[in-house]
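*Asks:*
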Amino acid sequence: MVPEPVARVKYALIVLGAEDTVTVFDSTVPTAAAAAAALGCKVAAITNSLVFDLEGAPLLILASGAARVDVRKVAAQLGAGRIRRASPEFVLEHTGQEVGGVAPVGHPEKIKTLLDESLRVHEVLWAGAGDHHSMFSISYDELRRITAAREMPVR
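Numbering (the numbering used here), first residue to last: 9 to 163.
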C-alpha cells in the first residue's frame, strides 16, 4: 500500500490524463543528486518541486535539479513582491507533502506553478511523487500541460 500523498499524486496523474509512472524506491531519494543516482540519469533531468511564499500565497517552481532558482529574477518577471523560501509547515499545509518529496501535482488546491524552461532539453524528466521514496517520469510538454505551468527562465 502506498502512502496517502503518493496515492493522491497517482490519482492526479490519471485524472489529468497522464500516465501513472510512479516508481517507489527502497531507499529515500530526498535530493536531486540522490534521485539521479538511483535512476541513473543526469541531475539536470530531475525536476525539483520547490515551494515558495509569494506574499503569503504558495508559488511552486518546477526547476532543474542542476539549477539554483534566482528568486529576484522570478519576482521581476512576475511583477511581484518578495519571494521567500517557504517553511516546511507552509509547504505541508499547501501541498499535503513534505519538503524533499513534493510533487508537481496532487495538492489539496491548485498552486500557481512556474516551469524552468531549461528542462525542455531532456527527453524524460523525473519528479517527486509525494514522499521521499517515490518519483515519476514525464515529458516536458506533458508536465507543462498537467500543471498548467507558466514557462520561464528561473536561474
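C-beta: ideal position from N, C-alpha, C; glycine also.
As the structure is a prediction and not an experimental result, all values here were calculated from the model.
In angstroms with no decimal places, state the Cα-to-Cα distance between S95 and H102.
*Replies:* Computed Cα separation, rounded: 11 Å.
*Asks:* Residues in its own chain within less than 8 Å of D28 by CB, not counting five upstream and five downstream?
*Replies:* Once the five neighbours on either side are set aside, the close Cβ partners of D28 are K18, L21, I22, F144.
*Asks:* Spatial neighbours of S72 within its chain, please: CB distance less than 6 Å, with the 5 preceding and 5 following residues excluded, ordered by chain position.
*Replies:* For S72, where only same-chain residues beyond five positions count, the Cβ hits under 6 Å are A52, D124, S126, L127.
*Asks:* Pick out whichever of P66, K120, G114, E131 has its Cα sitting closest to the Cα of E12.
*Replies:* Nearest of P66, K120, G114, E131 to E12, Cα basis: G114.
*Asks:* Is it buried or exposed for P161, if we count other Cβ within 10 angstroms and need 16 for buried?
*Replies:* That one is exposed.
*Asks:* Just mark S35 as buried or exposed, buried being the case when its beta carbon has 16 or more other beta carbons within 10 Å.
*Replies:* Its Cβ having fewer than 16 others within 10 Å, S35 is exposed.
*Asks:* Step through the CB atoms of chain B and report whether any lies within less than 8 Å of the CB of A157.
*Replies:* Here there is only one protein chain, and chain B is not present.
*Asks:* Using only the alpha-carbon positions, how far apart do H140 and V10 sit?
*Replies:* Spanning the two alpha carbons is a distance of roughly 12 Å.
*Asks:* Bridge partners of I69, per DSSP?
*Replies:* In the DSSP output, where bridge partners are listed per residue, I69 has L58, L122.
*Asks:* For A135, does the three-state DSSP call read helix, strand or coil?
*Replies:* In the structure shown, A135 sits in a strand (DSSP, three-state: E or B).
*Asks:* Inspect the CB distances between the stretch 108-122 and the stretch 54-74 and report whether three or more fall short of 8 Å.
*Replies:* The stretch 108-122 is in contact with the stretch 54-74.
*Asks:* Considering only C-alpha positions, which residue in the set F33, V32, A44, L24 is nearest to V132?
*Replies:* The candidate whose alpha carbon is nearest that of V132 is A44.
*Asks:* According to DSSP, is E97 part of a helix, a strand, or is it coil?
*Replies:* The answer is helix: DSSP assigns E97 an H, G or I state.
*Asks:* Put T31 into one of helix, strand or coil per three-state DSSP.
*Replies:* Residue state, collapsed to three classes: strand.
*Asks:* Using 8 Å as the threshold, is the C-beta distance between V14 and G138 below it?
*Replies:* Cβ atoms of V14 and G138: closer than 8 Å.
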